[in-house]
């Protein structure tokens, strides 16, 4: 066992002395740490350590002989022995449109935090198995994000609530209705306060209508809303600028200069997929006269959006506010306050101001959801001054049914409960006991409330304190409707009957309204029928809306005109939160600011029980299964917090982080500290969603609960925090240290300027030197599949990774196995840093199998389990594999994955329904890998060959390509010179990963280009 | 000095060496033989079914086309097992009271499917597609045999991979004109190889032997 404490001081000294690599992956590599080098050397660490001592010939032969003998044995394991008397169970009456063996596709929409994204669901014989984006839906345009992809696993989650529960006893729906209606009738007669209702964000027109009806029926009822990731600040900011609730929509397809004030618009929020598409479309280059947009990002903690920035500044929250004010002042919007703008880079401000002013009406200033309302109001005013309003920034009528301040709303509810004014509380979705701010003490109040009803898909923390627990149907089991960020409505249609007898929110409300017999279908259809009386033929409208996945002409009305109060609004905008932060920060210079952010994988904890998302390496940190306390390198150094890398028995990826205690205003949380380059100094970031007490068998008791230190007054940032080391250690499963590619030229990047001067400036000629091989080459007479990945478009959002998991039945292996470096993802996203330690540039690179034409893996397989196909794929035949792992050893890209244990769950019945029937479910002892979704290729080939026609370009779409919101991945036939992929591969930016090894990879990359502001570039040292 | 080994040791060692070798070979042959025997491959073993359905009667006597019941054979990977409704299309009129058909009527009444026993079963890691074979001139009887002569259905081929490859490597031996695909009585002509070559060009048959053709 070797351990080493990477002492930050020593590392810093070493950093200063060594020139350092241009691209680096983590701090340890940058400093050439000895322990890190050790880990790199150990490819298969366990065996390597066994052979580390000198081995005599006899032992060697003994070992090899034993492994050969045992290798044959493992081949005897049949993955799933076919029963000799397997039954075929045909339909009694086969549905008309269903052809056994062929999937059907249905349009629907996925509601997330209240807003909808259009989806197309693949259904095999009545089982939904895969979710794709709906190209005709404005919030999706055919793309998906990690949550949409992973929601299919939520549907089949065996831990979902199975029964209706009355204070611990199983109850029936009828029993529930009888009890509830009696209670409500009593309350109505006695003019009691009436039920209080707590929902998350509501955009559903049907639900909104039902809630209004309920409020009419019980006039003393109140409707409260609380969404832990609600966009209150944006709402308040817009209200203060306009005097009325307004939603803001951004047209990134028209924007040439973008200033993001801590906004992660490419990853978070209801419009992220749309924004990512529009943004990356403006970054594609084709020829010397191409243009690109320019993105300035000011942020406190690294985000997906920040990694795409042409210029990025990591600033503590209060400095972000100061920066925003300085830019506003430069643009002549406000006086920027009386105080001097300390710590603001004047040159940067001037450059941004100049850039924004030179492109009036073609710029965007966007404020982050977590910024105080004042910054939002400033952004509105800046957009107004620049003439962006109406051209790149569109204001629309609010999409939400009732826009309220959620932080305010939950406090009002708590006050009412405290005062005993709430006798009946109906919680429709959500998990407020866990997510509500700590000072609200929602759990205590809930336990005191006499009648509580909780509609939820899970028996979570809130359910545990409620009397009636009604299992909620998953959205793939429900009739409902939802609106997208731009107001476009979609009908949600069920793909399967509720697996566990769940009820939709509409059915529950209908029952409360005295119509218990109405089904979800009748309620939703009835609402739209009533809405569309003027529309003419309802049946036609209804069928079209269901088929297309969007209700035509339902987008929110664009609000004409400017912010009502213009500049005055921004000058007099409520500045309380920022002021408070400032004053608190001033109180103690040693104190830190804490940022609360939804977790990039599990958000506020609603996906805590989703194994796919838990095992997904988070952007930048590449941590799985945990949340950590993020610190900048300099802050960690100041606080004396280090990090140890331990290679215990070869268990790589096993990072021991120091446990620290974070204290904010007397509230404490303990978690592992993590040093992240690009984090702003003097602020720490914690992610919500972990530390769940009742999430399910996957998500319970992972990480620490950041809600414990979160208060209603400071939902997103709090000042006055202190960090104390505890001397304890915590093992974090992190894929950051895996599969390091030895500092080769894996990422190629340059600037638009360089590209214009010489488009070929990044293309390497070294590949040609090694042409030729001892082996006879292959001839590809038919198709030859290839892939091109545009690093200039890729935002690193992970959607492709989860899409691959969903399409290819990839197993979840758990934290322990990830710590051993055995994660099964066929597609990973590598991230690299470049430049200064404290504010590096980020680069992300998706790495699937390269499908080499000279594949090193194929040559070493002793049983021909991996072979070359006619069209150039490196086929992997699972049933032939005996598990020698030679192929993985010989793969320079480390994209092969081995089933060290029985990772697949063959026993849980619900998970059997979920699997893609077109892909073998792999068993113990088998190697697996990306095959460009060969099942989709073969299917398309069969369909084309039946009709004796060629496969049209774009007809085969791999799962990763289909999911990508930025359209960074293009798949096609490289034998066809007119295919998209051929054209991209012939472009000047094309390069192959490790092509100097003469592997002839079929997957190639397009180099990344940045578009820096020449004014800021001038004096900066290059390289 | 006395010899350590008795003279008979020579014999014993010879017998054990050659005998051992022979035993290994015999065992291998036995396993191989067993593997190809009807005991394992189920060739010629008629499977009991919940309804004693006779292809012989329906195909040969009644002249019903394969596709009347196996509806998706030309379009999908799965040929399709007829729904109870398809049976009842005729059997509400013909033999409506036959005791043998009681399970069919029961199924139609209760909505519970009939559970047929699979005769042609491939392992889970094999992805066979009926539609492409039928469209490229592989006749039903080429793989399934003379179903029209089977009172109960059995397997006539092993469905092992070497059997698949026999055709995938040299399809000219087996392909027939498309219009003859569903003809149970089709006999390959004298000039099968010449016809096969012609059909390969005509139908653009490209038999694939890459692993991912069937294994994914």
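Residue numbers (my numbering), protein chains in the order written: chain A, 71 to 1093; chain B, 1140 to 1355.
Just so it is clear, CB atoms sit at the ideal spot from N, CA and C, and this is done for glycine as well.
The model shown is predicted, which means the values in this text are computed figures rather than measured ones.
Starting from residue i, follow its DSSP beta bridges and name the residues at the other end.
i, result
"residue 381 of chain A", "A:366"
"residue 459 of chain A", "A:463"
"residue 181 of chain A", "A:186"
"residue 194 of chain A", "A:197"
"residue 738 of chain A", "A:733"
"residue 598 of chain A", "DSSP, once it has assigned bridges, lists no residue as partnering residue 598 of chain A."
Closest to residue i by CA distance: which of the options is it?
i, options, result
"residue 327 of chain A", "A:353, A:337, A:863, A:512", "A:353"
"residue 797 of chain A", "A:758, A:726, A:831, A:735", "A:726"
"residue 759 of chain A", "A:750, A:743, A:778, A:991", "A:778"
"residue 1086 of chain A", "A:173, A:131, A:383", "A:383"
"residue 18 of chain A", "A:324, A:323, A:302, A:374", "Outside the shown range of chain A, which is 71 to 1093, sits residue 18 of chain A, and nothing can be said about it."
"residue 1368 of chain B", "B:1208, B:1191, B:1203", "Since the first residue shown for chain B is 1140 and the last is 1355, residue 1368 of chain B is missing from the structure and cannot be characterised."
"residue 1063 of chain A", "A:166, A:873, A:870, A:814", "A:814"
"residue 443 of chain A", "A:395, A:937, A:416", "A:395"
"residue 782 of chain A", "A:171, A:286, A:303, A:207", "A:303"
"residue 205 of chain A", "A:1076, A:800, A:1083, A:1034", "A:1034"
"residue 158 of chain A", "B:1225, B:1221, B:1231", "B:1221"
"residue 1259 of chain B", "B:1322, B:1185, B:1232", "B:1185"
"residue 332 of chain A", "A:922, A:367, A:311, A:356", "A:367"
"residue 933 of chain A", "A:913, A:672, A:954, A:914", "A:954"
"residue 445 of chain A", "A:616, A:387, A:425, A:419", "A:387"
"residue 1304 of chain B", "B:1256, B:1329, B:1353", "B:1353"
"residue 930 of chain A", "A:921, A:959, A:909", "A:959"
Using a Cβ cut-off of 7 angstroms, pull out every chain A residue sitting near residue i, in sequence order please.
i, result
"residue 1247 of chain B", "162"
"residue 1317 of chain B", "Under the 7 angstroms cutoff, chain A gives no residues; its nearest Cβ is about 11 angstroms from residue 1317 of chain B."
"residue 1271 of chain B", "1012, 1015, 1016"
"residue 1200 of chain B", "The premise fails here: residue 1200 of chain B is roughly 23 angstroms from chain A at the closest Cβ pair, so nothing lies under 7 angstroms."
In chain B, which residues lie less than 8 angstroms from residue i when you measure between Cβ atoms?
i, result
"residue 1005 of chain A", "1266, 1355"
"residue 157 of chain A", "1254, 1255, 1256, 1257"
"residue 948 of chain A", "1264, 1354"
If the cut is a Cβ gap below 9 angstroms, which residues of chain B does residue i touch?
i, result
"residue 169 of chain A", "1210, 1211, 1214, 1215, 1217, 1219"
"residue 175 of chain A", "Simply none; closest approach about 15 angstroms."
"residue 939 of chain A", "1347, 1349, 1350, 1351, 1352"
Spatial neighbours of residue i within its chain, please: CB distance less than 8 angstroms, with the 5 preceding and 5 following residues excluded, ordered by chain position.
i, result
"residue 301 of chain A", "339, 439"
"residue 225 of chain A", "198, 544, 546, 547, 566, 569, 984"
Return the chain-ordered list of same chain residues with a C-beta closer than 6 angstroms to the C-beta of residue i, the five sequence neighbours on each side being excluded.
i, result
"residue 1081 of chain A", "362, 364, 380, 822"
"residue 473 of chain A", "305, 315"
"residue 1348 of chain B", "1307"
"residue 452 of chain A", "398, 401, 403, 435"
"residue 1346 of chain B", "1307, 1310"
"residue 506 of chain A", "480, 512"
"residue 911 of chain A", "904, 905"
Can you list, in chain order, the residues of its chain whose CB lies under 7 angstroms from that of residue i, leaving out five sequence neighbours each side?
i, result
"residue 971 of chain A", "994"
"residue 503 of chain A", "512, 513, 516, 531, 532, 535"
"residue 629 of chain A", "316, 465, 466, 467"
"residue 1003 of chain A", "877, 1028, 1029"
"residue 1142 of chain B", "none"
Which bits of chain A does residue i rub up against, with CB to CB less than 8 angstroms?
i, result
"residue 1303 of chain B", "By Cβ distance, chain A contributes nothing, its closest Cβ being about 14 angstroms from residue 1303 of chain B, past 8 angstroms."
So residue i contacts chain A; which residues on that side make the cut at Cβ distance below 9 angstroms?
i, result
"residue 1250 of chain B", "162, 163"
Exercise. Counting pairs of Cβ atoms below 8 angstroms between the stretch 459-469 of chain A and the stretch 425-433 of chain A, do you hit three or more?
Worked result: By the criterion of at least three beta-carbon pairs nearer than 8 angstroms, the stretch 459-469 of chain A is in contact with the stretch 425-433 of chain A.
Exercise. Given 8 angstroms as the limit, is there contact between the stretch 859-866 of chain A and the stretch 936-948 of chain A, that is, 3 or more CB pairs closer than that?
Worked result: Three or more Cβ pairs closer than 8 angstroms define a contact, and the stretch 859-866 of chain A falls short of that threshold against the stretch 936-948 of chain A.
Exercise. If you pair each beta-carbon of the stretch 579-593 of chain A with each one of the stretch 207-222 of chain A, do three or more pairs fall below 8 angstroms?
Worked result: Contact fails: fewer than three Cβ-Cβ distances are below 8 angstroms.
For this session: Count the CB pairs spanning the stretch 261-274 of chain A and the stretch 494-505 of chain A that are closer than 8 angstroms, and state whether there are at least three.
Result: The answer is yes - the stretch 494-505 of chain A touches the stretch 261-274 of chain A, with three or more Cβ pairs under 8 angstroms.
Exercise. Is the stretch 241-248 of chain A touching the stretch 689-696 of chain A in the sense that three or more CB pairs, one from each, lie closer than 8 angstroms?
Worked result: Contact between the stretch 689-696 of chain A and the stretch 241-248 of chain A is absent: fewer than three C-beta pairs spanning the two stretches fall below 8 angstroms.
Exercise. Does the stretch 343-351 of chain A come close enough to the stretch 469-489 of chain A to have 3 or more Cβ pairs within less than 8 angstroms?
Worked result: With the cut-off at 8 angstroms, the stretch 343-351 of chain A and the stretch 469-489 of chain A do not touch.
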